[in-house]
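Novice:
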Amino acid sequence: MHARHNEPRDPRLCRFMQILRQIGNQRFQIQVTMAVNHAAVILGMQMWLFWIHCHPPMNSITPDISIIVPLLNEAAELPELLASLAAQRGIALELILCDGGSSDGSQKIASTFANEYSFPVKLIQTGPGRGRQMNAGVAAASADLLLFLHADSRFDDSSALLEAVNFSCSNSTTGGEEFAARFGLRFRRSDSARALSYFFYEAKARLPRRDCLRGDQGFLLSRKTFERAGRFDQSLPFLEDLRLVAATPPQLHWQLLPASVSTSARRFEREGLLERQILNAIIVNNIEAGWSMFFESLPGLYRSQCHDSTGKLLLFPILDGINTLLKKESADWQRSFWRSTGQHVAANAWQLFYWLDARRAFRSGRGAEQVQPFWLQLYQTRLEWIFHSLPAAAVARLAVKLWLRWMLFRGTRRTA
Numbered sequence: 448m449h450a451r452h453n454e455p456r457d458p459r460l461c462r463f464m465q466i467l468r469q470i471g472n473q474r475f476q477i478q479v480t481m482a483v484n485h486a487a488v489i490l491g492m493q494m495w496l497f498w499i500h501c502h503p504p505m506n507s508i509t510p511d512i513s514i515i516v517p518l519l520n521e522a523a524e525l526p527e528l529l530a531s532l533a534a535q536r537g538i539a540l541e542l543i544l545c546d547g548g549s550s551d552g553s554q555k556i557a558s559t560f561a562n563e564y565s566f567p568v569k570l571i572q573t574g575p576g577r578g579r580q581m582n583a584g585v586a587a588a589s590a591d592l593l594l595f596l597h598a599d600s601r602f603d604d605s606s607a608l609l610e611a612v613n614f615s616c617s618n619s620t621t622g623g624e625e626f627a628a629r630f631g632l633r634f635r636r637s638d639s640a641r642a643l644s645y646f647f648y649e650a651k652a653r654l655p656r657r658d659c660l661r662g663d664q665g666f667l668l669s670r671k672t673f674e675r676a677g678r679f680d681q682s683l684p685f686l687e688d689l690r691l692v693a694a695t696p697p698q699l700h701w702q703l704l705p706a707s708v709s710t711s712a713r714r715f716e717r718e719g720l721l722e723r724q725i726l727n728a729i730i731v732n733n734i735e736a737g738w739s740m741f742f743e744s745l746p747g748l749y750r751s752q753c754h755d756s757t758g759k760l761l762l763f764p765i766l767d768g769i770n771t772l773l774k775k776e777s778a779d780w781q782r783s784f785w786r787s788t789g790q791h792v793a794a795n796a797w798q799l800f801y802w803l804d805a806r807r808a809f810r811s812g813r814g815a816e817q818v819q820p821f822w823l824q825l826y827q828t829r830l831e832w833i834f835h836s837l838p839a840a841a842v843a844r845l846a847v848k849l850w851l852r853w854m855l856f857r858g859t860r861r862t863a
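Counting with this note's numbering, you get residues 448 to 863 for the letters of the sequence shown.
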């Protein structure tokens with residue numbers, strides 16, 4: 448047989464060529480392995496960066512969420528608030544306490560308890576008024592996700608804030624920049640027995656309606672959404688929550704978070720739930736009517752004349768003040784005010800139908816999140832147009848006028 452043309456005849460040269468081929472194969476294998484490892488590292492870093500976007504490490508410089516709480520003589524509530532936030536797991540948070548001039552030792556308590564918890568606590572001094580206080584808190588906040596809570600807010604679930612942050616990552620719009628949501632609401636009462644009245648308000652807070660949103664549910668917003676809304680209105684010492692909701696774009700959906708927050712029913716229990724809700728309804732109606740004189744007079748009237756020795760809310764001084772202020776307005780303005788009032792009251796007839804749904808769920812032992820809106824859907828599909836008509840507004844206007852006269856008559860007799 449003839450030797451192959453390309454095979455060297457010297458055995459030592461053959462061995463040398465074999466060694467070269469082995470080295471070449473090993474270098475190729477090493478290069479392939481390095482390329483695979485390099486790709487794996489890049490993929491791993493991409494996955495890590497994606498995860499860290501929604502789950503930053505607990506020791507990250509920027510917290511996941513900045514919690515902003517306005518304070519005014521909340522010494523009794525602060526320890527439990529801090530303990531509730533300290534119980535939250537899997538989340539990096541910062542707490543910003545915005546004191547509007549407390550005189551009960553709230554600032555000292557905040558400073559003392561702040562050193563006991565792992566999350567940073569900032570205490571800032573501001574002027575009075577929740578809107579002003581919370582705007583100052585936003586200026587001091589580090590995170591792009593802002594949660595506005597009241598001092599009496601509590602979380603029973605230790606993963607409530609983690610779920611809220613995850614929800615915001617999954618449900619933000621326009622590139623993750625637009626987001627607004629609130630928690631489900633539960634009242635903490637001194638009486639543990641179930642009550643239909645509180646159940647109704649807990650259920651109503653879950654409805655996808657802007658007119659049902661209140662600050663005690665906890666407002667969770669992206670910083671961009673908050674800034675686009677123009678921040679909290681500081682012109683009045685109250686109503687900052689309603690005005691913020693109204694200032695957000697109409698197409699922005701205020702979402703319901705998967706967790707709940709509880710709030711103290713202390714004011715309702717002290718002042719009376721019915722009386723307090725009547726006052727709230729009057730306030731909302733006068734917002735719709737644009738009655739600025741009422742809001743200029745209400746703070747002083749509310750603080751000085753509207754409570755008895757036990758703290759119960761007295762409606763007569765407020766209604767008497769409304770009657771006096773109305774008489775100072777022109778006849779044209781009064782007609783416009785009553786026309787607006789009739790339309791507003793008639794348009795809120797849906798609450799009567801939803802109350803029937805809530806009562807049915809309450810009697811069957813279901814939770815506030817399990818209310819089936821049978822009567823509400825009937826109203827929306829068949830009856831809403833009737834209550835938005837001019838005749839319905841006229842009937843509602845007459846009913847409110849008669850109610851006001853009756854309340855003034857009864858109040859005058861009691862004070863005589």
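C-beta atoms are modelled at their ideal positions from N, C-alpha and C, and glycine is treated no differently.
1) Out of curiosity, what's the CA-to-CA distance linking Gly537 and Ser606?
2) Given a threshold of 16 other Cβ atoms within 10 Å of its Cβ, counted over all protein chains shown, does Asn582 qualify as buried or as exposed?
3) For Lys651, report the span of its beta strand (DSSP E) as first-last.
4) Have a look at Val847, Phe809, Ala796 and flag the residue whose alpha-carbon is nearest the alpha-carbon of Gln824.
5) What first and last residue would you give for the alpha helix (DSSP H) that runs through Pro526?
6) Hey, out of Gly768, Ser639, Gly737, whose CA is closest to Ser751's CA?
7) Starting from the Cα of Asp604, find the closest Cα among Ser639, Gly584, Ser707, Val612 and give me that residue.
8) Would the region 643-655 count as touching the region 538-548 if we require 3 or more Cβ pairs under 8 Å?
9) Which residue wins for smallest C-alpha separation from Ile515, given the options Ala815, Ile734, Val568?
10) Would DSSP call Ile515 helix, strand or coil?
11) Are the Cβ atoms of Leu667 and Leu745 separated by less than 8 Å?
12) Assign Pro655 to buried or exposed, taking buried as 16 or more other Cβ atoms, counted over all protein chains shown, within 10 Å of its Cβ.
13) Considering only their Cβ atoms, is the gap separating Leu689 from Phe679 smaller than 8 Å?
14) Give, in chain order, every unbroken run of the alpha helix (DSSP H) that is at least 4 residues long and sits entirely within the region 530-570.
15) Could you name the residues of the same chain whose beta carbon sits closer than 6 Å to that of Val818, not counting the 5 residues immediately before and after it, in chain order?
16) Considering only residues of the same chain and omitting the five flanking positions on each side of Leu704, which have a CB-CB separation below 6 Å?
17) Kindly provide the ranges of any beta strand (DSSP E) runs that are 3 or more residues long and lie completely inside the region 581-612, ordered along the chain.
18) Can you tell me where the beta strand (DSSP E) holding Ala627 begins and where it ends?
19) Could you please give the first and the last residue of the uninterrupted alpha helix (DSSP H) stretch that includes Gln824?
20) Quick one: give me the first and last residue of the beta strand (DSSP E) that Ser707 is part of.
21) For Arg657, I'd like the list of residues in its chain whose CB is within less than 7 Å of its CB, leaving aside the five on either flank, ordered along the chain.
22) Any contact between the region 718-738 and the region 781-792? By contact I mean 3 or more CB pairs, one from each, below 8 Å.
23) From Phe413 to Gly665, what does the alpha carbon distance come to, in whole angstroms?
24) Taking the straight line between their C-alpha atoms, what separation do you get for Glu563 and Glu743?
25) Out of Phe673, Glu524, Arg813, Leu720, which has the shortest C-alpha to C-alpha gap to Ala590?
26) Here's a check: name, in chain order, each residue in its chain whose Cβ is nearer than 6 Å to the Cβ of Tyr749, leaving out the five neighbours to either side.
27) What is the C-beta distance between Gly547 and Pro575, in whole angstroms, given that I count them as a contact (C-beta under 8 Å)?
28) Measure the Cβ-Cβ separation of Tyr801 and Trp822 and say whether it is below 8 Å.
29) DSSP state of Ala843, grouped into three classes?
Specialist: The structure says:
1) 7 Å
2) buried
3) Looking at the DSSP string, Lys651 is not in any beta strand (DSSP E); the run it does join, the alpha helix (DSSP H), is 643-651.
4) Of the listed residues, the one whose Cα sits closest to Gln824 is Ala796.
5) 525-533
6) Gly768
7) Ser707
8) no
9) Val568
10) In the structure shown, Ile515 sits in a strand (DSSP, three-state: E or B).
11) no
12) exposed
13) no
14) 553-561
15) Ala650, Asp804, Ala805, Ala808
16) The residues Ala611, Phe614, Ala628, Phe630, in chain order, have a CB closer than 6 Å to that of Leu704 in the same chain once the five nearest residues on each side in sequence are set aside.
17) 592-595
18) 627-635
19) Counting along the chain, the alpha helix (DSSP H) containing Gln824 begins and ends at 821-825.
20) 702-711
21) Val692, Trp701
22) yes
23) The chain is shown from 448 up to 863; residue 413 falls before or after that span and cannot be answered.
24) 42 Å
25) Phe673
26) none
27) 4 Å
28) yes
29) helix
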